[in-house]
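Residue numbers 868 to 1159, in this note's numbering, belong to the letters of the sequence shown in order. We treat Cβ as the ideally placed atom computed from N, Cα and C, and that holds for glycine. These notes are about the structure you will find just below.
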Amino acid sequence: MRGLLCTSLTPGSKSLQKLAVESWRNAGFDAVSVNCGEEIGSLKQEFPKVTFIEAIRDARSLHNRPLVYLDDIIFSLEKTNKRPIFGIINSDIVLRSPGLNRMLQSYIHNHLYFSSRIDVDEINKTDGCLYELGFDFFAFDPSMVEKIPNSHFCIGAPWWDYWLPMAALLSGFKTVQIEPGIAFHRRHPVKYENEAFYHYGRHMRQLLVTHMTGGNGLETKQALEEFIDGFFEKDVAKKKKLDNALNSKIVKDTFLPLFAESICMFVKQTAGRFSVSKSSIIEGISSCQKCS
């Protein structure tokens, strides 16, 4: 059975997004796009193989464009017919891994898989630069959609790609990073504002403080604290700054880039590794062990 990828297509760059959607289908995934009503009107005829779901709200008051909330993407997946794999992907990501859905099905139970993109100058090229500071493709056990804590993150704005694997860990799921080379992205200028980075960074900090208080969250909190100790063991000053950022009631924006770097590294180091070429998984560091 085919997997299901959810995204939010945009009215611009339609030719690139058509290539992206076709690549998802070749990888074994059908596509669903969540958009505001006016965008669906301009997109539906251009993307006949995509199922569109109208968002009941959007974040245009924050971003001056109708970005869709991550929670509404997850809610849309929850309301669809069950598939062996659910996923979330940025709309301009081209997958170069035919049969990826089939390969992951044997391993998807109680797992979330993620991968970083390779930025290229032309989408038909493969030589480019790995984007180290974020993730663009996620595939996960469908049961996860019922357990992810609510948030205010938006697709197309920063931090949501950090929150999703952290939310999986907090909900008791294992995470696995797919080795680079399956997801490609044509370079373009960053579209979000600096204020969005700080706004959602503060939101991430609050979510972690709220949810890392018991159950699976307590285990994740211990692992994150141990990671921070190991990551900054040679730079006490930086560690104190990050501790203040995590523990203070008022988060200083100057700490948030450091916070983002540490969360990204934590997500990678606690994850297992999946090799598409070998169709095999290497278990990652246990969330109870020190990441160093």
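Look up residue i in the DSSP assignment and say whether it is helix, strand or coil.
i, result
"Q1044", "strand"
"N1061", "helix"
"I956", "strand"
"E1013", "helix"
"A1024", "coil"
"R1072", "helix"
"S900", "strand"
"E921", "strand"
"S1142", "strand"
"E1005", "Here residue 1005 is Phe; the residue named in the question, Glu, does not match the sequence. F1005: strand per DSSP, three-state reduction."
"S982", "strand"
"G908", "helix"
"A887", "helix"
"Y1029", "helix"
"L1125", "helix"
"R892", "helix"
"A1050", "strand"
"Y1067", "helix"
"T874", "strand"
"V935", "coil"
Decide if residue i is buried, meaning its Cβ has at least 16 other Cβ atoms within 10 Å, or exposed.
i, result
"S1160", "Nothing about residue 1160 can be reported from this structure: the residues present for the chain run from 868 to 1159 only."
"M868", "exposed"
"Q1073", "exposed"
"L997", "exposed"
"K949", "exposed"
"K1041", "buried"
"I923", "exposed"
"H1078", "buried"
Going by beta-carbon coordinates alone, are residue i and residue j separated by less than 9 Å?
i, j, result
"G954", "C873", "yes"
"R969", "S890", "no"
"G1001", "D1028", "yes"
"N957", "F1004", "yes"
"Q972", "I940", "no"
"M1071", "F1126", "yes"
"R1054", "G995", "yes"
"Y936", "I1022", "yes"
"A1050", "P1025", "no"
"L979", "F942", "no"
"T877", "E906", "yes"
"L934", "S875", "yes"
"F919", "L910", "yes"
"G1039", "N991", "no"
"G1139", "Q1044", "yes"
Distance check for residue j and residue i, CA to CA, integer angstroms please.
i, j, result
"I1117", "I1130", "Any reading at I1117 must be qualified, since the residue scores a pLDDT of 44, below 50, and its modelled position is unreliable; no value is offered."
"T1137", "Q912", "42 Å"
"S928", "Y974", "40 Å"
"V961", "K916", "16 Å"
"E1060", "G870", "33 Å"
"M1132", "E999", "9 Å"
"F1020", "V1076", "16 Å"
"R932", "P1056", "16 Å"
"T993", "H1052", "10 Å"
"Y1065", "P1047", "28 Å"
"E989", "L1123", "32 Å"
"H930", "G879", "16 Å"
"Q1089", "L883", "42 Å"
"S1144", "N893", "17 Å"
"K881", "T947", "25 Å"
"V888", "W1030", "24 Å"
"D938", "D925", "11 Å"
Under the criterion of a Cβ to heavy atom distance below 8 Å, does residue i qualify as lining the ligand COA?
i, result
"V1043", "The ligand COA is not part of the structure shown, which contains no ligands of any sort."
- With contact counted as at least three CB pairs below 8 Å, one residue from each stretch, are the segment 887-903 and the segment 973-988 in contact? These segments do not touch.
- Contact the segment 1034-1046 vs the segment 998-1016: 3+ CB pairs below 8 Å: Verdict: yes, contact present.
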